[in-house]
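Final position of the sequence shown in numbering that gives the first Met the number 0 is 181; the numbers increase by one with none missing.
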Amino acid sequence: MRVYRKATEAEARAQPFLTDVESIHNRIRRKMKRKMAASGPDRDAVRRMLEGVLAAELAWARRNRVQGTSARGPATQWFLDQARAEQTLAERLAARIEELGGRRPARRPPRRAEDGNERGLCARLREDLVAERVTIGTYRALLRLLGDHDPDTRRLLEEILAREEEHAEGLVGLLRDARYCS
Ligand SMILES: [Fe+2]
0 MRVYRKATEA
10 EARAQPFLTD
20 VESIHNRIRR
30 KMKRKMAASG
40 PDRDAVRRML
50 EGVLAAELAW
60 ARRNRVQGTS
70 ARGPATQWFL
80 DQARAEQTLA
90 ERLAARIEEL
100 GGRRPARRPP
110 RRAEDGNERG
120 LCARLREDLV
130 AERVTIGTYR
140 ALLRLLGDHD
150 PDTRRLLEEI
160 LAREEEHAEG
170 LVGLLRDARY
180 CS
């Protein structure tokens, strides 16, 4: 599994959301790699992986809410729809974590997801697309690691991955839209 390098301070300032997403995904990948080496995709490893995925989905839901309130035109509704869908998936992840013996994690908002709005929507859309590709890469890697273990979790992850792929397509569409990016 490829582990992304840590962002420099300047990058973190310039693209705070992407930096947050990368650090969440680095954590998921590192933990999963360690756990897999120790015991394979057992219940505990899967639960920890889902905790990371939940943190990522909550960060996305918040990001899209913030994007929705600062965008104009049809993009506003699109962002808010994404946020709602991510929130629903986050609820299902939390439920699965409980089924696997974990505790429903406290909803802690990511550190700096709302920063960087002064850069304009187009720059933030580009940042989101890179972050979305990091997200998709991690979920694909997790599915490979999971293999045929835990079909319930596998289905949930597959559903999340499909949504992320749609999300990426939507971002590409907005980036091509002259109202938002030219
Ligand atoms: Fe997404």
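Every residue gets a Cβ at the ideal spot worked out from N, C-alpha and C, and that includes glycine.
Comparing C-alpha distances from Glu131 to each of Ala177, Gln81, Gly100, Arg91 shows the shortest one belongs to Gln81.
Close to ligand 1, as judged by a C-beta nearer than 7 Å to any of its heavy atoms, are the residues Trp59, Gln81, Glu85, Glu131, Thr134, Arg162, Glu163, His166, in chain order.
For Pro40 against His148, the beta-carbon gap comes to about 4 Å, under 8 Å, which counts as contact. In this structure Pro15 is buried. Its beta-carbon is surrounded by 16 or more other beta-carbon atoms within 10 angstroms. DSSP, reduced to helix, strand and coil, places Thr75 within a helical segment of the structure shown. Linking Ala167 to Gly67 through their CA atoms gives a straight-line distance of about 16 Å. In the three-state DSSP reduction, Cys180 falls in the coil class, being neither helix nor strand. Using a 10 angstroms sphere on the CB of Val65, the tally of other CB atoms reaches 16 or more, which defines it as buried.
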